[in-house]
Amino acid sequence: MNSADSQHPKFGPGDEALAALPTVYRDDLFAGKVVLVSGAGSGIGKAIAFLFARLGATLAICGRKADKLEDCAEKLRALSGREVITYPMTIRDPEQVDAMLSAVWERLGGVDVLVNNAGGQFAAHAMDFNVKGWNAVIDTNLNGSWYMMQGAARRWVEQGRPGNIVNITAAIDRGLTGMAHTTASRAGVIALSRTLAIEWAEHGIRLNCIGAGAIESNGFNNYREENVSTFYSCNPMKRAGDVQDIAEAVVYLAAPSGKFITGEVLNVEGGMLLWGEFWPAGKPDYFKVDQE
Ligand SMILES: CCCCCCCCC/C=C/C(=O)SCCNC(=O)CCNC(=O)[C@H](O)C(C)(C)COP(=O)(O)OP(=O)(O)OC[C@H]1O[C@@H](n2cnc3c(N)ncnc32)[C@H](O)[C@@H]1OP(=O)(O)O
Ligand SMILES: NC(=O)C1=CN([C@@H]2O[C@H](COP(=O)(O)OP(=O)(O)OC[C@H]3O[C@@H](n4cnc5c(N)ncnc54)[C@H](OP(=O)(O)O)[C@@H]3O)[C@@H](O)[C@H]2O)C=CC1
Numbered sequence: 012m013n014s015a016d017s018q019h020p021k022f023g024p025g026d027e028a029l030a031a032l033p034t035v036y037r038d039d040l041f042a043g044k045v046v047l048v049s050g051a052g053s054g055i056g057k058a059i060a061f062l063f064a065r066l067g068a069t070l071a072i073c074g075r076k077a078d079k080l081e082d083c084a085e086k087l088r089a090l091s092g093r094e095v096i097t098y099p100m101t102i103r104d105p106e107q108v109d110a111m112l113s114a115v116w117e118r119l120g121g122v123d124v125l126v127n128n129a130g131g132q133f134a135a136h137a138m139d140f141n142v143k144g145w146n147a148v149i150d151t152n153l154n155g156s157w158y159m160m161q162g163a164a165r166r167w168v169e170q171g172r173p174g175n176i177v178n179i180t181a182a183i184d185r186g187l188t189g190m191a192h193t194t195a196s197r198a199g200v201i202a203l204s205r206t207l208a209i210e211w212a213e214h215g216i217r218l219n220c221i222g223a224g225a226i227e228s229n230g231f232n233n234y235r236e237e238n239v240s241t242f243y244s245c246n247p248m249k250r251a252g253d254v255q256d257i258a259e260a261v262v263y264l265a266a267p268s269g270k271f272i273t274g275e276v277l278n279v280e281g282g283m284l285l286w287g288e289f290w291p292a293g294k295p296d297y298f299k300v301d302q303e
């Protein structure tokens, strides 16, 4: 996405709007802190990076596409006046994760908060998954998040400093048709986080997850138009969430407001887990009960 596009995305706020979104947080909340956000070149990750920058943090951002990252970093530098590190890599490769973490630790002296936001999936009915597609989603969301978590935690323990991880997952408790691979991967991240919250508590490391519902963002571009329309009516609020809903939830968990919270999942989904239909790969005939 070039600079002009990032001002006028099809879904979600442009960069200028993002920089000025209202927030409930005070502007020095993360002064002197370092925050690493994966997948920050677009969508929710970019919004998370923007909010932390506005709250005083120094940012390191990573993702696969260098141009998106650099475009985002330029805006972050302008917004905060502080250094921003970009590192193109894939979270699916443990060696690239390790090299990125080493570079960030070396340049910035460490990290206070890791936000594992990078991830995704494609919409398809489970019967149609092939092995490569299944593995791509599991490898990205579950394995990629794990490499990042373990790499950061090892460095925190080595330095004798506390750490804080927020994983962006999805609101999966009711299942998610058309996204079985992602539900498996996100359930893995959630179970992992709960276990690590116990194992790593002695090191002062907290881990929490956000269970995102339909959040209007760049990610919507990956779905067919007729299915995207269901994202705006799949919860009792009958609208999609916005990227700031997720960014503010991340800050809540990462800031001192979250100091007694670990191993938790904060669902930010407009009540979607209670009511609503969500058909990212289309509604199967079996469920078209109104038309019988
Ligand atoms: C109730 C509460 C609810 C609450 C929950 C509400 C959720 C709301 C909606 C969610 C929105 C979002 O998450 S929006 C965020 C979306 N953003 C993303 O998904 C971006 C990142 N995604 C990706 O990079 C890709 O989707 C992902 C598959 C993970 C990785 O792709 P890569 O190309 O890097 O991977 P590769 O290893 O090359 O493998 C690609 C293979 O994947 C398969 N594949 C890829 N696209 C495919 C497709 N459209 N249909 C079939 N199969 C496909 C094929 O087998 C491909 O192989 P070949 O056939 O050989 O090519
Ligand atoms: N929007 C929504 O409704 C929901 C989103 N989510 C999750 O929230 C997160 C952000 O999504 P969103 O902002 O909407 O969509 P985007 O597609 O904009 O964000 C996904 C980000 O992840 C990065 N990424 C993907 N694969 C890799 C990889 N292998 N290594 C490094 N970076 C990678 C992408 O960067 P690059 O393009 O440079 O690779 C991109 O910036 C994702 O994990 C998504 O699945 C969960 C539930 C709902």
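Just add 11 to the spot in the sequence shown (first one is 1) and you have the working numbering.
Yeah, the Cβ is synthetic: ideal placement off N, Cα and C, and Gly gets one too.
Pop quiz: residue 246 and residue 222 are said to be a contact at Cβ under 8 Å. What is the actual Cβ separation, rounded to whole angstroms? Separation of the CB atoms of residue 246 and residue 222 is rounded to 13 Å, and the pair is thereby denied contact status at 8 Å.
Taking only three categories from DSSP, how would you classify residue 36? Looking at residue 36 - three-state DSSP - the assignment turns out to be coil, as it is neither helix nor strand.
Rounded to whole angstroms, what is the Cα-Cα separation between residue 125 and residue 241? Taking the straight line joining both Cα atoms gives about 32 Å.
Consider the C-beta atom of residue 255 and the heavy atoms of ligand 2; say whether any pair is separated by less than 8 Å. Result no, Cβ not under 8 Å from ligand 2.
As an exercise, report each continuous beta strand (DSSP E) stretch of at least 3 residues that is fully enclosed by the stretch 202-267, in chain order. DSSP assignment within the stretch 202-267 yields the following whole beta strand (DSSP E) runs of 3 residues or more, N-terminal first: 216-223.
Cα-Cα, which of 96, 191, 186 is closest to residue 284? Restricting attention to 96, 191, 186, the CA atom closest to the CA of residue 284 is found in 186.
Which two residues bound the contiguous beta strand (DSSP E) that contains residue 98? Segment 95-99, the beta strand (DSSP E) holding residue 98.
Look at the alpha carbon of residue 159 and the alpha carbon of residue 249, and state the distance between them as a whole number of angstroms. For residue 159 and residue 249, the gap between their C-alpha atoms comes out near 35 Å.
On a Cα-Cα basis, can you pick out the residue from 203, 204, 205, 181 that is closest to residue 194? Comparing Cα positions, the closest option is 181.
Quick one, are the C-beta atoms of residue 119 and residue 164 less than 9 Å apart? Cβ distance not < 9 Å, so residue 119 and residue 164 don't count as in contact.
Does at least one heavy atom of ligand 2 sit under 8 Å from the Cβ of residue 76? Yes - ligand 2 has a heavy atom lying nearer than 8 Å to the Cβ of residue 76.
Do residue 60 and residue 87 count as a contact pair if the criterion is CB distance below 9 Å? For residue 87 and residue 60, yes; Cβs fall inside 9 Å.
Who pairs with residue 276 in a beta bridge, going by DSSP? Residue 276 is bridged by DSSP to 220.
Considering only residues of the stretch 144-188, which uninterrupted beta strand (DSSP E) runs meet the minimum length of 3 residues and lie entirely inside it, listed in chain order? Correct list: 174-181.
Please determine if the stretch 72-86 and the stretch 99-116 are in contact, where contact requires at least 3 C-beta pairs separated by less than 8 Å. Result yes; three or more Cβ-Cβ pairs closer than 8 Å.
Looking at the structure shown, is residue 67 part of a helix, part of a strand, or coil, going by DSSP? DSSP places residue 67 in the coil class of the three-state scheme, outside both helix and strand.
Just the Cα atoms here: how many angstroms apart are residue 42 and residue 267? Cα to Cα, the separation comes out at about 13 Å.
Going by C-alpha distance, which of 137, 290, 277, 210 is nearest residue 236? Residue 290 is the option with its Cα nearest to residue 236.
So, at 7 Å on beta carbons, what are the nonlocal neighbours of residue 234 in its own chain, with the 5 sequence-adjacent residues on each side left out? Result list for residue 234: 134, 291, in chain order.
For residue 170 and residue 121, what's the separation of their Cα atoms in angstroms? For residue 170 and residue 121, the distance between alpha carbons rounds to 9 Å.
Through-space distance from residue 196 to residue 146, alpha-carbon basis: Using only the alpha carbons, I get a separation of about 10 Å.
Determine the contact status of residue 178 and residue 218, defining contact as a CB-CB distance below 9 Å. A contact, by the Cβ cut-off of 9 Å.
So, residue 38 versus residue 70, is the Cβ gap smaller than 9 Å? Going by C-beta atoms, residue 38 is not nearer than 9 Å to residue 70.
Check: residue 108 C-beta below 8 Å from any heavy atom of ligand 1: Residue 108: no, Cβ never under 8 Å from ligand 1.
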